[in-house]
Amino acid sequence: MIPLTPERIEERLRERFPGVAFHRQTGEAVRDHTLHLPAERLVEVCTFLRDDPELDFAMLSWIAGVDWLPRVPRFEVVYGLLSLSRRARLTLKVAVGEEQPRVPTVTGVWSTADFLERETYDFYGIEFAGHPNLTRILLPEGWVGWPLRKDSPLGYEEVAFTHNTPGRTKPDPGLKKLAPKKVRYRAQ
Amino acid sequence: MRSETLTLNIGPQHPATHGVLRVPVELAGETIVRAQPVVGYLHTGMEKQAEYKTYTQSIPQTDRMDYLAPLSNNLAFCLAVEKLLDIQAPPRAVHARVMLTEMTRLASHLVWIGTHAMDVGAMSMFFYAFREREKILALYDHVCGARMTASYFRVGGLAMDLPADFLDRLSAFLDTMPGYLAQYEGLLTGNAIWLARTKGVALLSREQALALGVTGPTLRGSGVDWDLRRDMPYGGYEDYEFDVPVGTHGDAFDRYLVRLEEMRQAIRLCRQAIAKLREIGPGDYRLRDYKYVLPPKEQVRTSMEALIHHFKIVAHGFFPPRGECYLGIENPKGELGFYFVSDGSPKPWRMKVRSPSFTNLQALDPMVRGRLIADLITTIGTLDIVLGEVDR
Amino acid sequence: MNGHRDPVDDEALRILGAPPAPPRTSDLDLEVPEELRRSLFFARAETLIGWAVNQSRANSIWPLGSGLACCAIEMMCTLGPGFDISRLGAEVMRPSPRQSDLLIVAGRVSLRMAPVLRRLYDQMPDPKWAIAMGACASSGGIFNNYAILQGVDKILPVDVYVPGCPPRPESLIYGVIKLQEKILASGVELGPLVRKRRPKEGA
């Protein structure tokens with residue numbers, strides 16, 4: 001079986017979508033083949049990747065949001081695709097701005113995107129246009145705020161010790177000492 | 001005459017939901033019209049917390065994700081960071097990791113079979129499975145001190161070396177295991193009640209499974225021959241021989257057979273790993289690259305550079321290159337993956353967990369449409385979800 | 001207790017309301033209204049009835065199966081054949097809170113689960129006890145962030161804290177034994193028993 005190289009994937013994409021500005025991510029330790037693309041063409045490209053018999057990316061593995069504050073555009077939505085028959089992975093990235101964080105949904109292409117996009121919405125506030133049920137999934141329904149954004153706090157609570165809690169003394173002196181329970185241990 | 005559906009809430013506290021899963025079920029009479037799960041009752045903010053801790057400090061968090069297979073989570077984390085750093089653990093550590101991960105697979109499937117059978121009604125399976133699991137937990141205790149949440153793997157190898165008599169104890173345990181598996185099969189496989197409850201129940205077709213992103217034994221039970229250990233090998237699995245069981249019908253009974261066979265293959269892999277470890281003999285259990293891995297204690301006490309490396313790694317953490325990577329491994333539940341974005345600092349800029357149970361849970365609704373509530377319980381059991389992993 | 005107010009606490013308080021005073025009878029420092037006092041029969045632990053009631057309560061505690069996370073698996077191991085908890089009297093783990101005495105909070109309590117846990121505790125009939133099993137239930141454990149309640153004692157009164165992450169089954173059994181000691185030492189309130197009404201002096 002000829003392995004599917006990342007260069008071949010990019011070649012097929014460029015020949016099928018000549019107008020789309022694909023841009024390969026380079027960097028010191030970018031270990032997977034990552035392609036940036038504009039948000040408007042996302043659904044077409046994903047449909048092609050799924051249906052093309054040579055590429056056959058039948059499964060969407062994961063969707064992640066990344067917050068690059070203070071870079072502009074601020075957010076990125078990362079899609080991890082998996083091709084079982086060709087044993088290949090591909091990473092797609094879509095850049096999203098802060099004012100209007102909206103990306104078209106890929107639930108029409110792979111139905112697994114349902115929960116995955118809801119999770120990204122829950123954490124970052126990125127809206128997925130066309131999603132059947134875009135509501136919070138992991139945090140409580142009435143929660144206000146997008147916790148995984150870099151400007152949301154961790155919510156760390158100061159642990160109370162005797163040295164940093166005013167008015168706190170040793171444990172309550174009124175606590176009774178309990179009589180130990182009478183247990184008979186039988187040797188084996 | 002007007003008719004409506006009845007919404008029955010199978011709440012977060014329920015003996016058979018394997019944790020805090022809530023399923024508001026819409027019923028038309030006795031048949032289920034819709035059963036969309038509601039999750040988030042165990043959300044722990046692990047991904048946010050990982051941005052405030054160094055890489056090594058996040059390893060204990062990963063134990064608590066899929067708490068039935070903790071060493072498997074540790075392996076995924078360590079391999080993903082090692083891919084980012086482009087380093088490799090020494091051979092002794094690689095084979096020890098494979099051995100312990102397969103033991104974890106065995107332990108996780110034991111809990112699965114115990115709780116699944118208990119939910120379906122065969123209560124004694126729970127006691128049999130936990131009897132065996134106690135032995136595995138005693139082995140974990142021997143190797144690293146903790147029964148369940150081990151945190152034994154580190155980036156670059158193991159935290160401590162294997163104890164001297166561990167391989168003999170593990171061999172002795174593995175020799176007894178096939179007898180127990182035969183006992184479980186004798187109890188369940190030919191059992192008329194088990195067949196009636198699981199054959200033809202929780203059907204998931206091949207196309208549905210691929211579209212829903214389902215992985216692991218649930219996918220293999222539907223006829224898709226995909227196992228990351230064999231098809232996209234990682235962490236030393238290239239040198240091992242094992243078979244991958246695949247089902248045909250995509251029902252609960254096929255998944256039961258697949259997982260039972262996976263337990264046997266896990267025993268086979270463990271035995272191969274023990275043989276390889278015996279062949280290699282004593283050696284390095286951690287990589288000697290002190291930029292990323294702690295130096296051995298004897299050197300820390302005698303050499304100045306080793307002391308500086310130790311101090312730097314413990315006080316600040318190691319400094320990975322700027323970049324990102326994703327690595328998926330075959331957890332007992334499915335594909336568990338970690339996606340790291342690193343900005344060069346000791347704390348990750350983003351850690352994303354690709355959790356198999358979260359994705360597999362989407363298959364619950366299609367699998368139970370048109371069935372009865374008892375089938376819903378069987379379906380939740382056969383999906384083998386762990387809420388710690390779903391909610392992270 | 002804490003000097004400063006943390007917004008996470010306020011959120012939990014807004015959702016859940018203030019924690020209740022412990023409902024347990026202890027040594028008779030109770031504010032019991034007069035009419036009720038006439039129809040209740042108080043016993044101290046040293047009397048025969050008090051002793052008998054305490055023994056029966058302590059040796060047949062039925063826990064509620066409210067396992068949340070990893071500690072729940074260790075709780076299941078404690079129920080299993082290796083470390084049998086039914087030899088202490090916790091024979092069956094009841095699925096319904098209406099039929100159980102003991103709430104073992106096993107695992108981390110997220111803010112979404114906290115109202116559910118509080119409602120479960122309220123649905124349990126008196127006398128009831130609660131064990132906070134594990135570090136996460138006692139004090140938040142290794143998770144100190146926006147999503148986890150820092151200790152289940154913020155929403156319900158806990159009798160025994162069992163530390164560990166997760167605690168070994170032996171630790172949980174020790175915790176249950178400590179709870180039994182606590183029950184054996186507590187005062188007993190039985191009622192209402194109808195007693196002959198004496199005419200009130202001075203009306």
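Chains as they are written, first to last, in the working numbering: chain Z, 1 to 188; chain P, 1 to 392; chain W, 1 to 203.
Each residue gets a CB set at the ideal place from its N, CA and C atoms; glycine is no exception.
query, result
"Proximity winner among P:Ala374, P:Ile385, P:Cys270, P:Pro217, relative to Met177 (chain P) (alpha-carbon distances)", "P:Cys270"
"Leu88 (chain W) - containing beta strand (DSSP E), residue span", "Element bounds for Leu88 (chain W): n/a, residue is neither H nor E."
"Contact set between Arg108 (chain W) and chain Z, taken where Cβ atoms lie within less than 9 Å", "Within chain Z, no residue comes near Arg108 (chain W); the closest Cβ sits about 14 Å away, beyond 9 Å."
"Under 8 Å from the C-beta of Tyr156 (chain Z): neighbouring residues of chain A", "Protein chains Z, P and W are contained in the structure displayed, whereas chain A is not."
"Bridge-paired residues (DSSP) for Asn9 (chain P)", "P:Pro24"
"Per DSSP, the bridge partner or partners of Asp67 (chain Z)", "Z:Phe75"
"When P:Leu181, P:Glu241, P:Leu158 are compared against Gly283 (chain P), the one with the closest alpha-carbon", "P:Leu158"
"Alpha-carbon to alpha-carbon, Thr54 (chain P) and Cys144 (chain P)", "22 Å"
"Counted within 10 angstroms of its Cβ, other Cβ atoms place Met59 (chain Z) as buried (16 or more) or exposed", "buried"
"Interface flag, Thr25 (chain W) vs chain P, CB-CB below 8 Å", "At Thr25 (chain W) the pLDDT is 45, less than 50, meaning the model places this residue with poor confidence and gives no usable figure here."
"Sufficient close CB pairs (3 or more, under 8 Å) joining the stretch 101 to 119 of chain Z to the stretch 14 to 30 of chain P", "no"
"Opposing strand residues paired with Lys352 (chain P) [DSSP bridges]", "P:Tyr339"
"Beta-carbon separation (whole angstroms), Leu387 (chain P) vs Pro37 (chain P), contact threshold 8 Å", "With 8 Å as the limit, Leu387 (chain P) and Pro37 (chain P) do not qualify as a contact, their Cβ atoms being about 10 Å apart."
"Separation of Val155 (chain P) from His95 (chain P), as counted between CA atoms", "15 Å"
"Proximity below 8 Å, CB of Ile104 (chain W) to CB of Ile131 (chain W)", "yes"
"For Leu48 (chain W), the three-state DSSP class (helix, strand or coil)", "helix"
"Sequence ranges, beta strand (DSSP E) only - wholly within the stretch 112 to 140 of chain W, length at least 3", "129 to 133"
"CB contact flag (Trp129 (chain W), Leu102 (chain W), <8 Å)", "yes"
"Helix, strand or coil at Leu294 (chain P) according to DSSP, with G and I counted as helix", "coil"
"Pair within 8 Å by beta-carbon distance, Val201 (chain P) and Arg220 (chain P)", "no"
"Interface flag, Met148 (chain P) vs chain W, CB-CB below 8 Å", "yes"
"Buried or exposed by the 16-neighbour rule on C-beta atoms within 10 Å, applied to Met1 (chain P)", "exposed"
"Outcome for Thr382 (chain P) when other beta-carbon atoms lying within 10 angstroms are tallied against a minimum of 16", "buried"
"Nearest-angstrom Cα separation, counted from Leu294 (chain P) out to Pro90 (chain P)", "14 Å"
"Cβ of Glu11 (chain Z) within 8 Å of any chain P Cβ", "no"
"Beta carbon of Tyr67 (chain P) nearer than 8 Å to that of Met148 (chain P)", "yes"
"Closest residue to Lys205 (chain W) among W:Pro169, W:Cys165, W:Tyr161 (Cα-Cα distance)", "For chain W, the structure presents residues 1 to 203; residue 205 (chain W) sits outside this window and is missing."
"Pro3 (chain Z) beta carbon less than 8 Å from that of Arg89 (chain Z)", "no"
"Glu127 (chain Z) - partner residues in DSSP beta bridges", "Z:Arg102"
"Extent of the continuous beta strand (DSSP E) to which Gly323 (chain P) belongs", "323 to 331"
"Cβ-based burial, Phe311 (chain P) [other Cβ within 10 Å; buried from 16]", "exposed"
"Contacts around Arg206 (chain P), its chain only, beta-carbon distance under 8 Å, and the 5 residues preceding and following it disregarded", "Ser222, Gly223, Val224, Gly250"
"Inter-stretch contact at 8 Å, needing at least 3 Cβ pairs: the stretch 259 to 266 of chain P / the stretch 233 to 240 of chain P", "no"
"Arg112 (chain W) at chain Z interface by Cβ criterion, 8 Å", "yes"
"Of the listed residues P:Leu137, P:Ala138, P:Leu139, P:Ile113, nearest to Phe127 (chain P) (C-alpha basis)", "P:Ile113"
"Where the stretch 302 to 334 of chain P meets chain Z: residues whose CB sits under 9 Å from a CB there", "Pro320, Pro321, Arg322, Gly323, Glu324, Cys325, Tyr326, Leu327, Gly328"
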